[in-house]
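Q: Have a look at this one.
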Amino acid sequence: MTTNAALERATKLSCWSPGTQIAPTADVADELGLGCGRTNQNFIATAPDGTRSFVRVGQDLPAWGVTRVKEQAAARAAAAAGIGAPVVHAELPDVLVTAFVDGRALTEAQVHAAASGVDERLLRAITAAIRRLHAAPLPAELAELVPPGAPAWAPPDLARWIAYARAGAYSRLPLLDECDGVIERAEKFVQARWKAESPRFCHFDLLADNFVVNDDDGGEVTVTIVDFE
0 MTTNAALERA
10 TKLSCWSPGT
20 QIAPTADVAD
30 ELGLGCGRTN
40 QNFIATAPDG
50 TRSFVRVGQD
60 LPAWGVTRVK
70 EQAAARAAAA
80 AGIGAPVVHA
90 ELPDVLVTAF
100 VDGRALTEAQ
110 VHAAASGVDE
120 RLLRAITAAI
130 RRLHAAPLPA
140 ELAELVPPGA
150 PAWAPPDLAR
160 WIAYARAGAY
170 SRLPLLDECD
180 GVIERAEKFV
190 QARWKAESPR
200 FCHFDLLADN
210 FVVNDDDGGE
220 VTVTIVDFE
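Oh and the sequence shown: position 22 is 21 in numbering that gives the first Met the number 0, straight run, nothing missing.
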């Protein structure tokens, strides 16, 4: 879908009040530390009263296991668990609107600083958000979409991703040289140790810019996890 087509789709959603303005996220990328949408096109909706929403427009990408049904189910579950933005509006097959999250996307340098102990306040906020995520019940909508034989410890589409990369002869394939053995050992370990436990809700794409941090002017640091694709 072209940018213009995605913008038109976003503009015509039924959830907007009269006078709502829709703009590409590029207009506020510096303010928010946003990267580019990797599998969708993103927009910011601003209502007449100043309330902002985040709009994602994107179609399914079967090769990578990206489906908007899963995305929307995960977003709703994350919001219910208090670790994701509230869902304002959703339409299949291609639209998800969430409340705007105040803050700024983390950088890799900030995450490294937190992990190395330089910024312990941020480290505590990041780990608290991840723990809340993993403590949340697995959404029934997602559980029903897991195919038979999927790994118990990774995205259900992992084998498809690896096969896709190999078939395409990607330049970074050496990174996968030992993955088959690692995957087999990991699966055996998980089955032996946690077979009796219920599945945990995971993100599987915890890039630095999928954490939005709000420092609250030097007070408590809070982290919201976004992009539950």
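Each residue gets a CB set at the ideal place from its N, CA and C atoms; glycine is no exception.
On a Cα-Cα basis, can you pick out the residue from P23, A113, D93 that is closest to K69?
A: When each option's Cα is compared against that of K69, the closest is D93.
Q: I'd like to know whether the C-beta atoms of A158 and Q190 end up nearer to each other than 8 Å.
A: Not in contact: A158 and Q190 (Cβ atoms no closer than 8 Å).
Q: For L60, write down the residues that DSSP places opposite it in a beta bridge.
A: Partner(s): V65.
Q: For N3, is the classification buried or exposed, using 16 other Cβ atoms within 10 angstroms of its Cβ as the cut-off for buried?
A: Exposed.
Q: Run through DSSP, which three-state label would E90 get?
A: If DSSP states are grouped into helix, strand and coil, E90 belongs with the strands.
Q: Kindly list the residues whose CB is nearer than 8 Å to the CB of Y163, restricted to its own chain and excluding five residues on each side of it in sequence; keep chain order.
A: So the qualifying residues of the chain are A62, W63.
Q: Taking buried to mean at least 16 other C-beta atoms within 10 Å of its own C-beta, is D208 buried or exposed?
A: With 16 or more other Cβ atoms within 10 Å, it is buried.
Q: If the criterion is Cβ atoms closer than 8 Å, does the pair I82 and T223 meet it?
A: A contact, by the Cβ cut-off of 8 Å.
Q: For A79, which residues from the same chain have a beta carbon less than 8 Å from its beta carbon, with the 5 sequence-adjacent residues on both sides left out?
A: A135, listed in sequence order.
Q: Note the first and the last residue of the continuous alpha helix (DSSP H) segment covering V100.
A: Looking at the DSSP string, V100 is not in any alpha helix (DSSP H), and its letter there is neither H nor E.
Q: Could you give the first and the last residue of the continuous beta strand (DSSP E) run that contains N41?
A: It spans 40-45 - the beta strand (DSSP E) in which N41 sits, taken as one unbroken run.
Q: Among V54, P47, A77, I161, which has the Cα closest to the Cα of A22?
A: Ranking the options by Cα distance to A22, first place goes to V54.
Q: Quick one, which of A108, W15, E143 has its alpha-carbon nearest V96's?
A: Minimum Cα distance to V96 is reached at W15.
Q: According to DSSP, is P23 part of a helix, a strand, or is it coil?
A: In this structure, P23 counts as strand in the three-state DSSP scheme.
Q: Determine whether the beta carbon atoms of F227 and A73 lie at a separation below 8 Å.
A: Closer than 8 Å, so yes.
Q: What do you reckon, are the CB atoms on S52 and A98 nearer than 8 Å?
A: Against a cut-off of 8 Å, the Cβ pair of A98 and S52 comes out as a contact.
Q: Quick check on the DSSP output: what are the complete alpha helix (DSSP H) runs of length 4 or more inside the segment 105-150, in order along the chain?
A: Complete alpha helix (DSSP H) runs here, min 4: 107-114, 119-134, 139-142.
Q: Which one or two residues does DSSP pair with E213 in a beta bridge?
A: Here the sequence assigns Asn to residue 213, which means Glu is not the residue at that position. T221.
Q: Could you say which of T50, T66, Q20 lies nearest to T38 if we only look at CA atoms?
A: With distances taken between Cα atoms, T38 lies closest to T66.
Q: What separation, rounded to the nearest whole angstrom, lies between the Cα atoms of P17 and P47?
A: One C-alpha to the other measures close to 8 Å.
Q: So, does the segment 172-183 touch the segment 112-126, judging by three or more C-beta pairs under 8 Å?
A: With a cut-off of 8 Å, the segment 112-126 and the segment 172-183 do not count as touching, because too few Cβ pairs lie within range.
Q: Alpha carbon to alpha carbon, what distance is there between M0 and G49?
A: Roughly 29 Å between the two C-alpha positions.
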